[in-house]
Structure formats: C-alpha cells, structure tokens
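Here is the structure we will look at, set down as structure tokens.
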Amino acid sequence: MAQEYMKNIERFRILVMGRANAGKTTVLQRVCNSTEKPEIFDGKGNKVCDAECSQRGYHNIENELMFQSNPGFVFHDSCGFEAGATKQFDQMKHFVVDRAATKSVKERIHAIWFCIPMTDYHRTVTAAEQKFFNECDTGHVPVIVLLTKVDALYLPALRGLLDEGVAIAEAKERAAGMQGELLERWLDHIKHELGKCNFPPKGYVSLQKMHQESADYSALMQCTANVLNEEGLQRLFISTQQSSIALCVQYAVQKTLRTRMELGFVGRLQVDPKELGFELLKWFPNCNVSGQILLTYGVNDAPMLYSLA
Ligand SMILES: Nc1nc2c(ncn2[C@@H]2O[C@H](COP(=O)(O)OP(=O)(O)OP(=O)(O)O)[C@@H](O)[C@H]2O)c(=O)[nH]1
Ligand SMILES: [Mg+2]
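Just so it is clear: in the sequence shown, position 60 is 69 by the numbering used here, and no numbers are missing.
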C-alpha cells in the first residue's frame, strides 16, 4: 500500500518563501544543478512561460516551477510578502493551508523552505515572519528556515574588528572567525524569536555563496530529509536529489540495512537478499548521476550494486 501511495506522488513538491531578493531562486537553481531560469506551469500542467520569459509567471504562488535538469522537484515561489500586504498574505496562507492538507497526494506540498537573508541581519525576524509563524498552521508539512547569503556577514565582521582598533592585516585573518560568531548570534536570536510563535519551524540551515556553482548545500539536503516525518517521503526526497550520494548511502544503511542487522540469527537467515537489494536501491536515484554511479539489479539472480565510484 505504501508503495502504491508513493507511486502516486512522483515528484517532491517544495514551497519556497521569503522576502524579495532573499536568494530563493538561486537556492532552487543550485539544488537542481542549473543556471537556467525555471520553466513555469499552471496547476493543470500548461506551460505559462519558459526559461526565457519575463518574471510575470513567478508572481502566482499556484504556478509550478521546474528545472529541466531535475524534473523530480516541483517548486512554488511565494514571492516576497510584507506584513502590511493583507491580500497577498491571505492568498499565501490559503495556498499553504490548502496544499498542506489536500487529499490529493500529487498536489500536496512536502516541505517549506523559508528564506531569511543575512544581508538584512538587523531585521531578520520582522512582522512578516512573525505573522507567518504565528498564523500559518502547516500541519504535518515541515518548515525549515534557511539563513541565506551568510557570506554577507563577512564585511560587518571585518568592520567590527577594525572599529575595535585591530590592524587591517590581523582583522582580515580574524574576520572569518568573527563572521561565524555573528552567525551564531543571529541564529540564536532568530531561534529565540520564532520559537515563541504558535507554529515554529522544524529546522534551521545556513547557506552561503549559493550564487557560486561550488556552493555547499548538503546541510539543506540533510536537514530536509531529517525533518520529513514519513519514510516514504524521505525516500522520495533522497532519491530525487542528485547532489549527495552520501545521503543516499546514509539513509539506505540507516533505514533499510540496520533494521535487518538488528534481527536475531534466525531472522537474518530469513532475509531475502533480492528483496533487500531492491529495498536498498530504492534510496538511490534511478538515473546515472554524473557518470559516477551505476546501479544494476539482478545479475545471476542476485541484486548487484556496482561502480559506486
Ligand atoms: N552574496 C551572495 N549573493 C547571493 C547568494 N544567493 C543569491 N545571491 C544573489 O542575490 C540576488 C538575488 O537572488 P535571487 O535568487 O534572484 O533572489 P529571489 O529571492 O529569488 O528574488 P526575487 O525573486 O526577486 O524575490 C542575485 O543577484 C543572486 O546572485 C549568496 O549566498 N550570497
Ligand atoms: Mg526569485
């Protein structure tokens, strides 16, 4: 039954939120390993506009954003909403509540990424954030706060040291460490403020230099996988993301192999290796990830997993 249920879902659906210029689109591009703009479809699968078109299509939360490089992910973009914009907020709230609880598994959102940019570190939790986390009951759908553009804290860190009278050469050496301290401080502040809300986030992740192709966003993948409360969804997310084979291995071992290892002697003898192999492979992408991994099933009637580079 669980397999049938998952077959119906097909794509992992994420709502990305946050004020204008928070770095939302950049996060999605990185996660899908793309430098293109997403293609935009309406709720019925009709293309609203392609990668070349204007920003028009972004401004409807109902529209689906997809990247050709990974059609397993479908995104919705809330666009920036400010505390005063009641109509916009209500539209967003209606969408979130409706799509978090919908019976149609294909339309349900599975996770929400809420971006707070550190370029605005003096206004991290504004009335808009408070309103969202106090009023939007997302039910089982986890909300993760993404502190974006953390690299923007480097300059204030450097400036702070110079203001203390530290010489420029030494200040440059210590600035990265100070940037880390600033981040800790702001993260504590944000956790404290949002923790008081009626529907606080389930996780926090900090991201930096996401506009660079080499950016590390494994923490985002790990955190999202961890906060999903259904194993079927975790499996869908992990086998859809194509950035971390380590995450696939980790979950395959933790969720599938470990339970078999914990069986007693007789129980272990009863494990069907073919079935176990199949279960393990379901944590991995179906496709060949950058030529580095080749998954094959059923050589000499036994499951085989090879060329894991
Ligand atoms: N320094 C820095 N710049 C970033 C980072 N992520 C994104 N940017 C830049 O920030 C700008 C805005 O990024 P977008 O991803 O378009 O932001 P957005 O939230 O989608 O913006 P809107 O769609 O207009 O609301 C772009 O110029 C990005 O290159 C980051 O981690 N560090
Ligand atoms: Mg955008």
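Where is the CB? At the ideal position from N, CA and C, for every residue including glycine. None of these values were measured; they are calculated from a predicted model.
Euclidean distance between Cα positions of residue 27 and residue 212
Straight-line Cα distance between these residues: approximately 16 Å.
Just to check, is the beta-carbon of residue 44 closer than 7 Å to a non-hydrogen atom of ligand 2?
Not so, every heavy atom of ligand 2 lies at least 7 Å from the Cβ.
Close-in-space but distant-in-sequence residues of the same chain around residue 88 (CB under 6 Å, 5 per side omitted):
Sequence-distant Cβ neighbours of residue 88 in its own chain, meaning closer than 6 Å and more than five residues away, are 68.
Run through DSSP, which three-state label would residue 19 get?
When DSSP states are grouped into helix, strand and coil, residue 19 belongs to the coil group.
Within 7 Å: the Cβ of residue 219 and any heavy atom of ligand 1?
Remark: the C-beta of residue 219 is in contact range of ligand 1, defined as less than 7 Å to any heavy atom.
Following a CB-centred definition, is residue 34 positioned closer than 7 Å to any heavy atom of ligand 2?
For residue 34, the distance from the CB to the nearest heavy atom of ligand 2 is below 7 Å.
From 179, 231, 175 and 121, residue whose alpha carbon lies closest to that of residue 254:
Cα-wise, what sits closest to residue 254 is 231.
Would you call the CB atoms of residue 153 and residue 22 closer than 8 Å?
By the CB criterion at 8 Å, residue 153 and residue 22 fall outside the cutoff.
Boundaries (first-last residue) of the alpha helix (DSSP H) holding residue 99:
Per DSSP, residue 99 belongs to the alpha helix (DSSP H) from 95-110.
Distance, residue 258 Cα to residue 309 Cα:
Here residue 309 scores only 42 on pLDDT, less than 50, and its place in the model is too uncertain to base an answer on.
Among 99, 54, 221 and 84, the one whose alpha carbon lies nearest that of residue 120
The candidate whose alpha carbon is nearest that of residue 120 is 84.
Take residue 166 as the anchor and find which of 208, 188, 268 and 265 has the nearest alpha-carbon.
Nearest C-alpha to residue 166: 188.
So, helix, strand or coil for residue 129, using DSSP?
Secondary structure of residue 129 (DSSP, three-state): helix.
Is it buried or exposed, residue 96, if we count other Cβ atoms within 10 angstroms and call 16 or more buried?
The residue is exposed, with fewer than 16 neighbouring Cβ atoms inside 10 Å.
Considering Cα atoms alone, identify which of 143, 155 and 182 is closest to residue 102.
143 is the residue among 143, 155 and 182 whose C-alpha sits nearest the C-alpha of residue 102.
Note down the Cα distance separating residue 52 from residue 207, rounded to an integer number of angstroms.
Going from the Cα of residue 52 to the Cα of residue 207 covers about 30 Å.
Which runs of the beta strand (DSSP E), 3 residues or longer, sit entirely within the stretch 158-230?
Segments of the beta strand (DSSP E) lying fully in the stretch 158-230: 212-215.
Per DSSP, what kind of secondary structure is residue 26 in: helix, strand or coil?
It is a strand residue.
Nearest to residue 205 by alpha carbon, out of 132, 141 and 170?
Nearest C-alpha to residue 205: 141.
Whole-angstrom Cβ separation of residue 156 and residue 196, contact assumed at under 8 Å?
Indeed, because the Cβ distance is near 7 Å, the residues count as touching under 8 Å.
Residue 223 classed as buried or exposed, judged by whether at least 16 other C-beta atoms fall within 10 angstroms
Residue burial annotation: residue 223 is exposed, with fewer than 16 other C-beta atoms found within 10 angstroms of its C-beta.
Is residue 245 helix, strand or coil by DSSP?
Helix, per DSSP.
Whole angstroms are fine: how far does the CA of residue 250 sit from the CA of residue 297?
Note that residue 297 scores a pLDDT of 42, beneath 50, so its modelled location is shaky and nothing firm can be said.
Helix, strand or coil: which one does DSSP assign to residue 140?
Helix at residue 140.
CB-CB under 8 Å to residue 78, same chain, minus the five flanking residues each way: which ones, in chain order?
Non-local C-beta neighbours of residue 78 in its own chain, meaning closer than 8 Å and more than five positions away in sequence, comprise 41, 42, 43 and 45, ordered along the chain.
Mark residue 109 as exposed unless 16 or more other C-beta atoms lie within 10 angstroms of its C-beta, in which case mark it buried.
Around the CB of residue 109, 16 or more other CB atoms lie within 10 Å, so the residue is classed as buried.
Cα-Cα separation between residue 132 and residue 31, rounded to whole angstroms:
Each residue's alpha carbon lies about 12 Å from the other.
Helix, strand or coil: how does DSSP classify residue 240 here?
DSSP, reduced to helix, strand and coil, places residue 240 within a helical segment of the structure shown.
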